[in-house]
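Number 32 in the numbering used here belongs to position 29 of the sequence shown; there are no gaps in the numbering. Everything below concerns the one structure shown next.
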Amino acid sequence: MGSYRHGDSWQPVEIGATKGEFMRNNSPVQGIAYDKKRAHIYLAFNDYLFKVNRDGMVLANGRFHTGREFEGICVNNSHLYAELAQRPELLHQKIK
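Take a look at the structure:
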């Protein structure tokens, strides 16, 4: 089940939600991506990355020690891509 379009309107359907507080410094989400194949949600805050299941449980987290922020993230097949701010750089990692 996913979103659908009816005429000129779009009806989103929730596929998952987070629970709890990921960042305690009021950092906004800087990237969100959904891996449909694995049913995982990826959230990016500053230089932190979280992998969450559809029930909101954190499965894994990691940090890039670059001192730079994410501009966006996406999932394509078996790779997670992340774009960093300031000097644009695109990173990728194979999803297990």
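For glycine and all other residues, C-beta sits at the position ideal for the given N, C-alpha and C.
Specify the secondary structure class of GLY75 as computed by DSSP and reduced to three states. Note: GLY75 maps to strand in three-state DSSP.
Are there 16 or more other CB atoms within 10 angstroms of the CB of ASP11, so buried, or fewer, so exposed? Exposed, by the Cβ-count rule.
Since ASP134 and ILE98 should fall inside the 8 Å C-beta cutoff, what is the C-beta to C-beta distance between them, to a whole number of angstroms? The question about residue 134 has no answer here: the residues shown for the chain are numbered 4 through 99.
Environment of VAL55 [buried if 16+ CB atoms lie within 10 Å]: That one is buried.
Counting only the same chain and skipping the five closest in sequence on each side, list residues whose C-beta sits under 6 Å from that of VAL78. The residues ALA36 and ASP38, in chain order, have a CB closer than 6 Å to that of VAL78 in the same chain once the five nearest residues on each side in sequence are set aside.
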